[in-house]
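Please read the structure below before turning to the comments.
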Amino acid sequence: MEAAGGVDILINNAGVPGFNASIEEIDYAAYQRLYDIHVWGCFAATRAVLPEMKERRFGRIVNIASNRGQVGFERSSHYASAKAASIGLAKSWARELAPHGILVNALAPGVVRSAMTLGYGEEALHDEAQTNLVKRWAEPEEIAAWLVFVTGPDGGFMTGQVLTPNGGDPIVGI
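Our numbering applies: residue 16 is where the sequence shown begins, and numbers increase by one.
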């Protein structure tokens, strides 16, 4: 943090796929791995930047979740629940940290073309994209634009929210 001159924005984006597994196929090691990375990773990174953000009375934190964290997923309940936990952390931290000038939100995208999702294969990515209303996946640049918005000046009145660029798959929230 010293070399960078401080941290104004933290994007908690560490993640691994949950693979397609039923509850009977998910062992403790697979479950714990997802929670260590998705949940504890958010927690540890956030704790690392808080002292400086609190001192400066400014900060923006975004937890990258998933639309599956809002609606569940029948073939990777451990992944969906870990992403739901990252949403819960963002909402709780928004309440806790707003008095210190720190805004916290979650971004819960639908299917995004990335190295991780392409690990399932181009055909699987295409098939999943067909479940949303716009019949395509998001490109990483589209998700980055949401992050620029919520962490920039235009997002200065937004905290404790879940942004869901998901092509309408599913339509959640109000």
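No residue lacks a Cβ here, since even glycine has one placed at the ideal position from N, Cα and C.
For the pair ASN27 and GLY56, the CB atoms are nearer than the 8 Å cut-off.
In this structure, the CA atom of GLU17 is about 35 Å from the CA atom of ALA153. Using a C-beta cut-off of 8 Å, the segment 94-111 makes no contact with the segment 138-152, since fewer than three inter-stretch Cβ pairs fall below that distance. DSSP assignment within the segment 89-133 yields the following whole alpha helix (DSSP H) runs of 4 residues or more, N-terminal first: 92-112 and 130-133. Taking the C-beta atoms as reference points, VAL163 is found no nearer than 8 Å to LEU178. In the three-state reduction of the DSSP assignment, ARG72 falls in the coil class, being assigned neither a helical nor a strand state. DSSP links LEU25 through a beta bridge to ILE76. In this structure, the CA atom of GLY21 is about 43 Å from the CA atom of GLU40. Residue burial is scored here from C-beta neighbours: GLY33 has at least 16 other C-beta atoms within 10 angstroms and is therefore classed as buried. For TYR43, the enclosing alpha helix (DSSP H) covers residues 43-49. Across the set THR61, ILE38, ASN35 and ALA130, the C-alpha of THR61 shows the shortest separation from the C-alpha of LEU25. The Cβ atoms of MET68 and ILE117 sit closer than 8 Å to each other. DSSP lists ALA121 as the bridge partner or partners of VAL177.
Per the DSSP secondary-structure output, ALA153 pairs in a beta bridge with VAL127. Take the alpha-carbon of LEU140 and the one of ALA159: they are about 19 Å apart.
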